[in-house]
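Keeping their order, the protein sequence lines are chains A and B.
For the first sequence, this note's numbering begins at 61 and goes up steadily by one.
For the second sequence, this note's numbering begins at 87 and goes up steadily by one.
No residue lacks a Cβ here, since even glycine has one placed at the ideal position from N, Cα and C.
Source: prediction; values computed, not measured.
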Amino acid sequence: MESTAQQPHITMISGPVVKARPAHRFSMNEMVEVGDERLVGEVIDLDEDLATIQVYEDTTGLRPGADVYAKGLPLYVELGPGLIGEIFDGVQRPLEVLHEKWGDFIRRGKTGTALPRDRVWQFTPSVRPGAMVSPGEILGEVPESQLITHRILVPPGVQGTLERIVPEGDYTLDDIIAVIRSTSDKIHELKLFHRWPVRKIRPYRERLVPSEPLITGQRVIDTFFPLARGGTAGIPGGFGTGKTVTQHQLSKWADADIIVYIGCGERGNEMTGVLVDLPKLLDPRTQHPLIERTILIANTSDMPVAAREASIYTGVTIAEYYRDMGYDVALMADSTSRWAEALREISGRLEEMPAEEGFPAYLASRLAAFYERAGQVVSLAGKKGSVTLIGAVSPPGGDFSEPVTMHTKRFVQCFWALDKELASARYFPAINYLQSYSAYISVVEPWWTEKVGSTWRTLREKTINILQEDSRLQNIVKLLGEEALPDDQKRIIEGARFIKNDFLQQSAFDPVDTYAGPEKQFLLLDVILHFIERLADVVKARIPLFRAMEPPVVAEIHRLKFTQRGDDPGPFRSIKEQIDKEINALLHRQDS
Amino acid sequence: METVTGPAMKGALEYIGLDRISGPLVVISGVRGVGFGEVVEVVPSDGQSRQGRILSISEDVAVVEVFEGTSGLAQPTTRVRFLGRPFEIIVSREEVLGRIFDGLGRPLDGGPVPLRGERRNINGLPINPVARVYPQDFIQTGISAIDGMNTLVRGQKLPIFSGSGLPHNDLAAQIVRQARLLTEDEGFAVIFGAMGVRHDEAETFRRSFEESGVLKNVAMFLNLADDPTVERLITPRIALTVAEYLAFEEKMHVLVILTDMTNYCEALREVATSKGEVPSRKGYPGYLYSDLASIYERAGRIIDRQGSITQIAILTMPDDDITHPIPDLTGYITEGQIVLDRSLAQRGIYPPINVLPSLSRLMSDGIGEGRTRKDHGDLASQLYAAYARARQVQRLASIIGEEDLSATDKLYLTFAREFHERFLRQGADENRTITRTLELGWELVMLLPEQELTRLKPEEIERYGRIKRLAVSH
Numbered sequence: 061m062e063s064t065a066q067q068p069h070i071t072m073i074s075g076p077v078v079k080a081r082p083a084h085r086f087s088m089n090e091m092v093e094v095g096d097e098r099l100v101g102e103v104i105d106l107d108e109d110l111a112t113i114q115v116y117e118d119t120t121g122l123r124p125g126a127d128v129y130a131k132g133l134p135l136y137v138e139l140g141p142g143l144i145g146e147i148f149d150g151v152q153r154p155l156e157v158l159h160e161k162w163g164d165f166i167r168r169g170k171t172g173t174a175l176p177r178d179r180v181w182q183f184t185p186s187v188r189p190g191a192m193v194s195p196g197e198i199l200g201e202v203p204e205s206q207l208i209t210h211r212i213l214v215p216p217g218v219q220g221t222l223e224r225i226v227p228e229g230d231y232t233l234d235d236i237i238a239v240i241r242s243t244s245d246k247i248h249e250l251k252l253f254h255r256w257p258v259r260k261i262r263p264y265r266e267r268l269v270p271s272e273p274l275i276t277g278q279r280v281i282d283t284f285f286p287l288a289r290g291g292t293a294g295i296p297g298g299f300g301t302g303k304t305v306t307q308h309q310l311s312k313w314a315d316a317d318i319i320v321y322i323g324c325g326e327r328g329n330e331m332t333g334v335l336v337d338l339p340k341l342l343d344p345r346t347q348h349p350l351i352e353r354t355i356l357i358a359n360t361s362d363m364p365v366a367a368r369e370a371s372i373y374t375g376v377t378i379a380e381y382y383r384d385m386g387y388d389v390a391l392m393a394d395s396t397s398r399w400a401e402a403l404r405e406i407s408g409r410l411e412e413m414p415a416e417e418g419f420p421a422y423l424a425s426r427l428a429a430f431y432e433r434a435g436q437v438v439s440l441a442g443k444k445g446s447v448t449l450i451g452a453v454s455p456p457g458g459d460f461s462e463p464v465t466m467h468t469k470r471f472v473q474c475f476w477a478l479d480k481e482l483a484s485a486r487y488f489p490a491i492n493y494l495q496s497y498s499a500y501i502s503v504v505e506p507w508w509t510e511k512v513g514s515t516w517r518t519l520r521e522k523t524i525n526i527l528q529e530d531s532r533l534q535n536i537v538k539l540l541g542e543e544a545l546p547d548d549q550k551r552i553i554e555g556a557r558f559i560k561n562d563f564l565q566q567s568a569f570d571p572v573d574t575y576a577g578p579e580k581q582f583l584l585l586d587v588i589l590h591f592i593e594r595l596a597d598v599v600k601a602r603i604p605l606f607r608a609m610e611p612p613v614v615a616e617i618h619r620l621k622f623t624q625r626g627d628d629p630g631p632f633r634s635i636k637e638q639i640d641k642e643i644n645a646l647l648h649r650q651d652s
Numbered sequence: 087m088e089t090v091t092g093p094a095m096k097g098a099l100e101y102i103g104l105d106r107i108s109g110p111l112v113v114i115s116g117v118r119g120v121g122f123g124e125v126v127e128v129v130p131s132d133g134q135s136r137q138g139r140i141l142s143i144s145e146d147v148a149v150v151e152v153f154e155g156t157s158g159l160a161q162p163t164t165r166v167r168f169l170g171r172p173f174e175i176i177v178s179r180e181e182v183l184g185r186i187f188d189g190l191g192r193p194l195d196g197g198p199v200p201l202r203g204e205r206r207n208i209n210g211l212p213i214n215p216v217a218r219v220y221p222q223d224f225i226q227t228g229i230s231a232i233d234g235m236n237t238l239v240r241g242q243k244l245p246i247f248s249g250s251g252l253p254h255n256d257l258a259a260q261i262v263r264q265a266r267l268l269t270e271d272e273g274f275a276v277i278f279g280a281m282g283v284r285h286d287e288a289e290t291f292r293r294s295f296e297e298s299g300v301l302k303n304v305a306m307f308l309n310l311a312d313d314p315t316v317e318r319l320i321t322p323r324i325a326l327t328v329a330e331y332l333a334f335e336e337k338m339h340v341l342v343i344l345t346d347m348t349n350y351c352e353a354l355r356e357v358a359t360s361k362g363e364v365p366s367r368k369g370y371p372g373y374l375y376s377d378l379a380s381i382y383e384r385a386g387r388i389i390d391r392q393g394s395i396t397q398i399a400i401l402t403m404p405d406d407d408i409t410h411p412i413p414d415l416t417g418y419i420t421e422g423q424i425v426l427d428r429s430l431a432q433r434g435i436y437p438p439i440n441v442l443p444s445l446s447r448l449m450s451d452g453i454g455e456g457r458t459r460k461d462h463g464d465l466a467s468q469l470y471a472a473y474a475r476a477r478q479v480q481r482l483a484s485i486i487g488e489e490d491l492s493a494t495d496k497l498y499l500t501f502a503r504e505f506h507e508r509f510l511r512q513g514a515d516e517n518r519t520i521t522r523t524l525e526l527g528w529e530l531v532m533l534l535p536e537q538e539l540t541r542l543k544p545e546e547i548e549r550y551g552r553i554k555r556l557a558v559s560h
């Protein structure tokens, strides 16, 4: 247990928190390696002569006096080809490689590199030697997957004259592909990858205001609570309300170029489920397996807690990197509550003064800083790209007034509130349409009216009016029963039932229903509203409403979402005609 | 502090005298060369050694939790031996199965201490998500509310949320007796971990295992109500370490019953409070979630290994409150939950499973064509929708009276009654096949008008339902 005067060593261990001295050897947020097994950690506090380190691996067996090695760099990720289709842990250790190396269980200690060094990439340069290059500029391209062309960027902070660039050919990540001489005569040797500190926002040229919807194929979201590219959304819900299924659905069907999915403190089997599903599912637009555009970060609930805290940053940094290439990236974090709890756990070990429910006082600012990393930007290279952030929240006891939900609500523009009662009736997605909201409706409206249907706005408003009227009436129904209502109010209740069952409710497990493109959403809602409007005629003619539920077209409406994909408006049109025919027949029978 | 070393303790360090004793914790200073989380032996002057574990360690002060409690320890005379290794047990098939141990893994049945076998750290290691196999093999428990609506699959962790006095033990015992895979009968084992349960409860389980002839495949680890509380932190980890060995080395299908997790969490709170940690909700430590996850996540299946661990943890919800931190955090980690309901129990319905808050997250992949039956998913969904509506109608009926309900609503009332009496209610030894459960389900949904059956496809109603309608009308 020998330690020299210079070599910092451990003085205290309590769970994932380790203290070391002398502190002057470290800088804040510096990456360190702890003990003989070289466990990865990060400096999170420097106080006089004592450095506090959070360790990203199990600390059992670690002893006071053991050496701590400063790495001279803040906690970073490797950014380069080889990210797509991979699954990493919270500090970017590649889980597939870990599996090959150590077997079925995750051990601790050194693992080698995040990105494979032996893999060969085909690089095509797009600039010539002698050119002046600036940060973020594209040097060339590498085909990373069938779907994604990886653009090799000049790392932020590097600029000057391109002295040399390799010709088109096969290179590994260790090869030097370009040399840049800066104005101060400094030589930068560039490889296909570079490192970037996870807690630092990657720079961009200009921030844009979100203007296009991010289509998710989920009707309740796209039509009622739409998300914009570069926007933010929170999904709070107690356990069993379908947060994870909703996040999975978004990761499968959102029309982003790249999906970063972070399983933060969640179940191991769920990550396995994603790993099993994604290679099999095809992107509805490109017909390529979805895994070709997905990057997974898994820090399951039994993996070390400090790495859970880091996983969010690892994910969002990777997302920003692809944004800088000009891609639209959507990031799902499931669940941000586990990340907040990791903060709380570390904060507790540091004996910091707690604020609400034991969470540290800086919880709100950390959440704000995370959601601030969303946005549509013009990258340094002049490309338009975006990062959309969707965070699940797991409020204790399903109580939305708890700190994480409350603060999240302050920083996100879309709020998809999941409802326990809906979930217990197996009504999915259990998004409560009265509590949820989206600030992007006016942002996405031009897109919908232009590309999908000119009556989109009125259709949507009419539907919402019916649902709101219905919820008001339901209060009466609860006390007096449906029978007590006059027929025109019964029509609202009946109509709302159609909207709920045949539009809002969407099965994640049905091969057709699982994804509904914008056209299908519009056509389907149009049919349903047409039917509800025709019910008004039935009521006017004093025909009992239940008679209007008897025609065969009613069953056809119920089946529409399972049978039609929406690429052909014909069937929808003919159902509308059938509605008119059968309702007219009903009215005529009454007349005669 | 005086350091004693002798030839008897290779690699171990021994210290005499404690600086402080506080609740289950002791503090020793002047300690060098010991590691975080290692095991210690605390030996009071009577020589009866107790086990403990290092909770935090600084350059010269170690905080140790003593599993058997600190009662009777004296500051100057107590000796503390640092063993230089984490808590380990010896696992083997022969010396563990068919046996009864205490909460720290010491024999209670008069048999020998297991010696031959593999030494394993009881904390286990996280399973790499890449190495997991997604669980999808249906386990028939013979209980309709589970098989039909909250299906259990091999490798799942599905806890029972109960309340004090509810028949969770009977239900768990019935599952153990009846749980079978539809297709095969391979080597199986039951690991029973009890934390703070009463002696008679443990005995009920033992007898139940004995009567069903599985006792030779069972290992029981018992920390009873009058055993030291801190020991409860160890018991489930020992049980799971044995289970992992049997599943992943001996290729057995292991069912782990852990009861009662509420006692476990209270022991955790006790230790945290003694350490003076900052509490989060209801005084439980902020890391309760991570700690529970380190237990519950030790279930599942692994690629290229034949065995599996299925976990049924039982917890009693304090004051029947499902939002209490213990059930709440459990529900966030486990793959669903079976919720027992006091009002159903009071009406004499066994098993009193409230299906609405109950859930099996792995159900959709464990059922359907080739596993149970094609219509299973839609039927379960319809039963849920109908029962949720029926409960609303029941509430309405209690306000306006049954007479004033619409004709459809009256049918929903009938549905609720039949659901309770025929579907839910079953004997403690009644083992229903999945086919029987599905048939019952169809009989119930066909009590309702067909246009109410929006979750079922017309062809399914045609094939499975119409025949029931006929049967009902006759």
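Is residue i buried or exposed, if buried means 16 or more other CB atoms sit within 10 Å of its CB?
i: A493/B; result: exposed
i: A180/A; result: According to the sequence displayed, residue 180/A carries Val and not Ala. Exposed, since its Cβ has fewer than 16 Cβ neighbours within 10 Å.
i: A645/A; result: exposed
i: F622/A; result: exposed
i: N255/B; result: buried
i: K246/A; result: exposed
i: M392/A; result: buried
Whose C-alpha, out of the options, is nearest the C-alpha of residue i?
i: A474/B; options: L274/A, F86/A, S484/A; result: S484/A
i: P546/A; options: G513/A, E146/A, S502/A, A596/A; result: A596/A
i: D390/B; options: A333/B, L194/B, V120/B, A98/B; result: A333/B
i: E102/A; options: A83/A, D127/A, R81/A, P134/A; result: P134/A
i: A568/A; options: Y382/A, T448/A, D337/A, I198/A; result: D337/A
i: S108/B; options: L326/B, P130/B, I102/B, T156/B; result: T156/B
i: T301/A; options: I208/A, H648/A, I357/A, F488/A; result: F488/A
i: G189/B; options: Y331/B, F505/B, R447/B, T315/B; result: T315/B
i: G190/A; options: L440/A, F165/A, L222/A; result: L222/A
Indicate the three-state DSSP secondary structure (helix, strand or coil) for residue i in the structure shown.
i: H348/A; result: coil
i: T71/A; result: strand
i: F475/A; result: strand
i: N329/A; result: helix
i: L427/A; result: helix
i: K79/A; result: strand
i: D388/A; result: strand
i: G386/B; result: strand
i: V90/B; result: With a pLDDT of 44 at V90/B, under the threshold of 50, the predicted position of this residue should be treated as unreliable, though the coordinate-derived value follows. If DSSP states are grouped into helix, strand and coil, V90/B belongs with the strands.
i: Q423/B; result: strand
i: Q436/A; result: strand
Rounded to whole angstroms, what is the Cα-Cα separation between residue i and residue j?
i: A366/A; j: V115/A; result: 6 Å
i: V587/A; j: A576/A; result: 15 Å
Could you please give me the residues that DSSP links to residue i through a beta bridge?
i: R211/A; result: E201/A
i: W256/A; result: V137/A
Measuring from the CB of residue i, is there a heavy atom of the ligand HEM at a distance below 7 Å?
i: E405/A; result: The ligand HEM is absent from the structure shown, which contains no ligand whatsoever.
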